[in-house]
Every structure is written in structure tokens, then in C-alpha cells.
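Take a look at the structure set out below.
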Amino acid sequence: MSSSFHSARVAVIGGGPAGLMAAEALAQQGVQVDVHDAMPSVGRKFLMAGKGGMNITHSEPLEPFLGRYGARREQIAPLVRAFDPDALRAWLHELGVETFVGSSGRVFPADMKAAPMLRAWLHRLREAGVRFHMRHKWCGWDAEASDDATHMLRFATPDGEQAVTFDAVVFALGGASWPRLGSDAAWVPLMASRDVPVTPLLPANCGFDADWSPYLRERFAGQPVKPVAITLTDVDNKVHHRQGEILLTETGLEGSLIYALSSQIRERILADGDVTIMLDLAPGLALERVVAEVTRPRGSRSMSSHLHGRIGIGGVKLALLHEILSKEAFADANGLAHAIKALPVRLTRARPIAEAISTAGGIPFEALNEHLMIERLPGVFCAGEMLDWEAPTGGYLLTACFASGLAAGRGAAAYVDRAST
Ligand SMILES: Cc1cc2nc3c(=O)[nH]c(=O)nc-3n(C[C@H](O)[C@H](O)[C@H](O)COP(=O)(O)OP(=O)(O)OC[C@H]3O[C@@H](n4cnc5c(N)ncnc54)[C@H](O)[C@@H]3O)c2cc1C
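Heads up: the sequence shown begins at 10 in our numbering, then just goes up one per residue.
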């Protein structure tokens, strides 16, 4: 695998998908790579991502794919173009992992699992000479190091604190979600101590609180609401409308449709203190049809059984109507029909970042060069979720982590190459 022998030694800190990809890129250039991770083993969040079926990338055409990175499309696009979903799938196939495209267009390993893939990958990395140092938590820069000697790193290890010097460093420390899997964002003040800007970390792909009554919470928490559509106006007054599935939780709402709109919901709450989204509980039926069905004479039937009989609304959907509408509003057939197509639900808070699937915020691209090197810390590169971008679920997160890890690894390899000539 190595193209040439290199005396340079590069540290990769963080053994998630971004860090491991950086390590692979460096090893391919013949650089000695030392991967350090605070946890007893690498890739814990990656393994967790594989629990519900590892969605590694998406098969949609590249243009809409890149659009998923929203405001950071411009910065993510060159990284993903250099390692696009097809390249990622080819790379997986080389590892011996077959993939398939699900009905949603999402791409999965054939066995849906992350563990066999991680095992094969770690084996290949070790064969390429990559060394792993577990339970090595990066805890800062060496006190003696000046700004232009920032590759002296301190690690908290089971044998006490160690200071090690490297020719370059790739940080791939992750965001702040699911901290028990290793990414606890302890790096934020360490970067700030070197005047590296960090955009505040916020929950992404997360649930939101709605002030449910005890009745709704106790009787319906854990139930999916489907099919359903959400209409939401974002902070720029753009109206978003999407159909899918949500989950009613003890504290509010979560699920794939909420995650898909979570950045817009979060930003509205940040700007206004709360946000009201509109739920369409009968997305398959036009308003006129719902009005016609609901206002039909119902004889002695209760409104609830009338709704169930005419348009199939019952269970958790009916409970939501009761939760949000007054008794009088529920009894008014015409108003009720309109509420079924646009039920206002007030969301008040994002769930804590520790519960989120991913993290928004991090080191902004403006602080980096095109190789993801921190401009003010030559030889220090960053990749993965610790960078300031976000994307919905659907494989976009892992794709950008792999692609940025590759870019940072290649950047660090070129850096030590230049430094040694
Ligand atoms: C439940 C769940 C399901 C998900 N499902 C999907 C999915 O299906 N598809 C998808 O695309 N994405 C999914 N994701 C997101 C995806 O797993 C992450 O975006 C990805 O793992 C981030 O990769 P990373 O390498 O940047 O960081 P991480 O994977 O978080 O790795 C960071 C590593 O750095 C280490 N570390 C942190 N601080 C230090 C330190 N100070 N010193 C040393 N080591 C340190 C950590 O121990 C960790 O090993 C899911 C996430 C979760 C939580």
C-alpha cells in the first residue's frame, strides 16, 4: 500500500470514520500514522450508527446530494466530489463489503451492519502500519509549545499524562452528541485556547419539546404518526413542506421527518423562542375532500367514530386533535376538517445535544484552507463532525465525514512531504 518510506510521523486524534479515513490516506503515502482515541476502542459512534441499519450514503444524483449540506454546500462540495457516493461504495466493495440501494434511495451494506466493515477496515489499517493508541485522550497543547510549535500534544493515558511531538496532526474529534461514545466536545476550549474559532455546537437531527398534557404523554408516547406532512416557515420566510413519519415522545416530537426539518425548527426557536409547525394528518386527501367527508351528516355517531369511518383518522392522530383543539373547535365539523389538514403544534425547545444524532457548529471552514488545515496553526488539520456543517440523516453525515477525513489526511501527507524536502 505504501508508495514510499517516510520518516515523518503524523498523529490522528479521534478514531471515528473521519479519523480512520485520514489515517488511511496518510498510510497510503507511506507516512507513519499514530491514531489516538480517548475510548478503549475506536469507531463507537460508527458502530452505534450501524445498530438501526447502517445507512452509509445516498444514491441520489450528486447535485441534489450536495444540496443537503445547505449553507455549507460550497465548502462540502469539493470534498464530496473528490470522494463521492460512487467512490465510497467502490471503496467499501474493496473492503469486501457489498452494498445495496434501499427503496428510499439510501445506501446500506448488504448485511446492514457496521461491525464487519469496521473490523475489515481496522485490519487493513494495521496491515498498512497504522498504530493505535487507545485510552489516549488529547488534553491540550504542550505548555512549552509556542504557536508555531503546535504539534506537541498532551495526552491523558492510564499511565499518566504524556507529551508527544508530531510532524503534523489531524484532529477528527467528532461533535457533542452521544458523549458516552467518546465525542464529548472537550476539544472546544482547547482549540479556543489557541484562538481557533469554534461556532457554538448545537443539536442537529434531534427531537423537540412540545408541552403535552399528561394524558397524551402517558397514553401515546412512543407511537408513530404516519403518514403525516409538516409545513414550516423558516427564519428566511421560506416555506418547507415535507411528508413522512414522526414519533410522538414523552416530551414532544422526533423521528425522520422532524430530523429532516430540525435545522429550520432549531433556527426558528433560536430566533423567536418557539415555533409553530402545521401537521397535515391526512396528507393523501385534498382539503376539499376532507371538508366534504367530515361535514357529511353523522347521525348519532360520535365525531371520533365519524372521523375514523370517513377518513381513517383514529388513534394517535385523533389524540393529537383532542390535545390541540378546544371541545368547541373539535365539535365544529368544518373547522375540524381544516385542522386535520393544518394542525398547529408549538415546539418550544430542541432536545439536549447529548440525545441528538449529530451536531451543528464547530470549526468554521473560514478558519481552514482547502486542505482543511487550520490557517493559524500550520500542520494542524481537522475533519468530520467537528467542522461547522450539518446535514440530514440519509447517509449524508457519514459521506461528508469520510470525504473530509480523506481531504485532511491527504493534506497532512502533502504537508509533511513539503516540510521534509
Ligand atoms: C444513533 C446514531 C445513528 C446514526 N446513524 C447514522 C447513519 O445511519 N448514517 C450516517 O451517515 N450517520 C449516522 N450517524 C452520524 C455518524 O455516526 C457521525 O456523523 C459520525 O460518526 C461522525 O464521525 P467523526 O469521525 O467526525 O466523529 P466520531 O465518530 O464522533 O468519532 C470521534 C472520535 O474522537 C474521539 N475523541 C473525542 N475527543 C477526543 C479526545 N479529546 N482525545 C482523543 N479522542 C477523542 C472519540 O472517542 C471518537 O472515537 C448516526 C449517529 C448516531 C448517534
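Note that beta-carbon positions come from the ideal geometry of N, C-alpha and C, so glycine has one too.
Worksheet entry | Opening and closing residue of the beta strand (DSSP E) in which ARG163 lies | Where ARG163 is concerned, the enclosing beta strand (DSSP E) starts and stops at 161–166.
Worksheet item: Can you pull the DSSP bridge partners for TRP147?
Response: Per DSSP, PHE164.
Discussion item. Closest to PHE180 by C-alpha separation, out of VAL300, ALA172, VAL197, would be which residue?
Written reply: Measuring from the Cα of PHE180, the nearest candidate turns out to be VAL197.
Worksheet item: Going by beta carbon distance, what residues of the same chain come within less than 7 angstroms of ARG18, once the five residues before and after it are set aside?
Response: Close CB contacts of ARG18 within its chain, under the 7 angstroms cut and outside five residues either way in sequence, are with GLN41, ASP43, PHE175, ASP176 (chain order).
Worksheet item: Buried or exposed: which applies to ALA428, given that a residue is buried once 16 or more other Cβ atoms fall within 10 Å of its Cβ?
Response: By the Cβ neighbour-count rule, ALA428 is exposed, with fewer than 16 other Cβ atoms within 10 Å of its own.
Fill in: When PRO26, SER16, ALA31, GLY25 are compared against VAL432, the one with the closest alpha-carbon
The requested residue 432 is not part of the displayed model; the chain covers only 10 to 430.
Worksheet item: Who does ALA177 pair with in a DSSP beta bridge?
Response: The beta-bridge partner set that DSSP reports for ALA177 consists of VAL19.
Discussion item. Less than 9 angstroms between the beta carbons of TRP130 and LEU88, yes or no?
Written reply: Result no, Cβ atoms of TRP130 and LEU88 do not sit closer than 9 angstroms.
Item to complete: Please work out which residues of its chain come closer than 6 angstroms, Cβ to Cβ, to THR285, disregarding the five sequence neighbours upstream and downstream, and give them in chain order.
Response: Taking THR285 as the centre and dropping the five residues before and after it, the same chain places the C-beta of PRO353, ARG355 closer than 6 angstroms to its C-beta, in chain order.
Discussion item. Quick check for students: name the residue ranges of the alpha helix (DSSP H) that lie wholly in the segment 191–267, counting only runs of 4 or more.
Written reply: For the segment 191–267, whole alpha helix (DSSP H) runs of length 4 or above, ordered along the chain, are 196–201, 223–229.
Discussion item. Going by DSSP, what residue range makes up the alpha helix (DSSP H) through ILE349?
Written reply: Per DSSP, ILE349 belongs to the alpha helix (DSSP H) from 342–350.
Worksheet item: What is the DSSP secondary structure of SER11, counted as helix, strand or coil?
Response: Note that SER11 has pLDDT 40, beneath the 50 cutoff, so the model's placement of it is unreliable and the number below is only indicative. The three-state secondary structure of SER11, taken from DSSP, is coil.
Worksheet item: Hey, would you say LEU266 sits closer than 9 angstroms to GLY282, going by beta carbons?
Response: Not closer than 9 angstroms, so no.
Discussion item. Quick check on this structure: which residue in GLY23, LEU381, MET395 has the alpha carbon closest to the alpha carbon of TRP147?
Written reply: Checking every option, the nearest Cα to that of TRP147 belongs to GLY23.
Fill in: Identity of the residue in GLU83, GLU263, ILE274, CYS215 nearest THR242 by Cα
Closest by C-alpha distance to THR242, out of GLU83, GLU263, ILE274, CYS215, is ILE274.
Worksheet item: SER50 to ALA346, Cα distance in whole Å?
Response: Rounded to the nearest whole angstrom, the C-alpha separation of SER50 and ALA346 is 55 angstroms.
Worksheet item: Tell me the DSSP bridge mates of MET287?
Response: Per the DSSP secondary-structure output, MET287 pairs in a beta bridge with THR240, PRO353.
Worksheet item: Contact check, ILE255 vs VAL244 under 8 angstroms by CB: the rounded distance?
Response: Taking the Cβ atoms as the reference, ILE255 lies roughly 21 angstroms from VAL244, outside the contact range of under 8 angstroms.
Worksheet entry | Nearest residue (CA-CA) to SER112, options LEU415, GLY403, ALA194 | Cα-wise, what sits closest to SER112 is GLY403.
Discussion item. Tell me which residue opens and which closes the alpha helix (DSSP H) that ARG189 is part of.
Written reply: Looking at the DSSP string, ARG189 is not in any alpha helix (DSSP H), and its letter there is neither H nor E.
Discussion item. Does the distance between the C-beta of GLU394 and the nearest non-hydrogen atom of ligand 1 fall short of 8 angstroms?
Written reply: Residue side-chain check: GLU394 places its Cβ nearer than 8 angstroms to a non-hydrogen atom of ligand 1.
Discussion item. Taking its Cβ as the centre, do 16 or more other Cβ atoms sit within 10 Å of THR9, making it buried, or is it exposed?
Written reply: Beyond the ends of the chain as shown, which are 10 and 430, falls residue 9; an answer cannot be given.
Item to complete: Could you spell out the range, first to last residue, of the beta strand (DSSP E) harbouring PHE390?
Response: Here the beta strand (DSSP E) through PHE390 covers 389–391.
Worksheet item: Would the C-beta of TRP187 count as close to ligand 1, meaning under 8 angstroms from any of its heavy atoms?
Response: Judged by the Cβ position, TRP187 qualifies as a neighbour of ligand 1 at the 8 angstroms threshold, a heavy atom of the ligand being closer than this.
Worksheet item: Between the C-alpha atoms of SER68 and ALA172, what's the straight-line distance to the nearest angstrom?
Response: Distance from the CA of SER68 to the CA of ALA172, rounded to the nearest whole angstrom, comes to 44 angstroms.
Practice prompt. Return the Cβ separation of ALA392 and GLY414 in integer angstroms, given the expectation that the two are a contact with Cβ distance under 8 angstroms.
Written response: About 4 angstroms separates the beta carbon of ALA392 from that of GLY414, a gap short enough to meet the 8 angstroms contact definition.
Practice prompt. Answer with buried or exposed for VAL248, where buried requires no fewer than 16 other C-beta atoms within 10 angstroms of its C-beta.
Written response: Exposed, since its Cβ has fewer than 16 Cβ neighbours within 10 Å.
Practice prompt. Using 10 angstroms around the beta-carbon of ALA34, count the other beta-carbons present and answer buried if the total reaches 16, otherwise exposed.
Written response: ALA34 is buried by the Cβ-count criterion.
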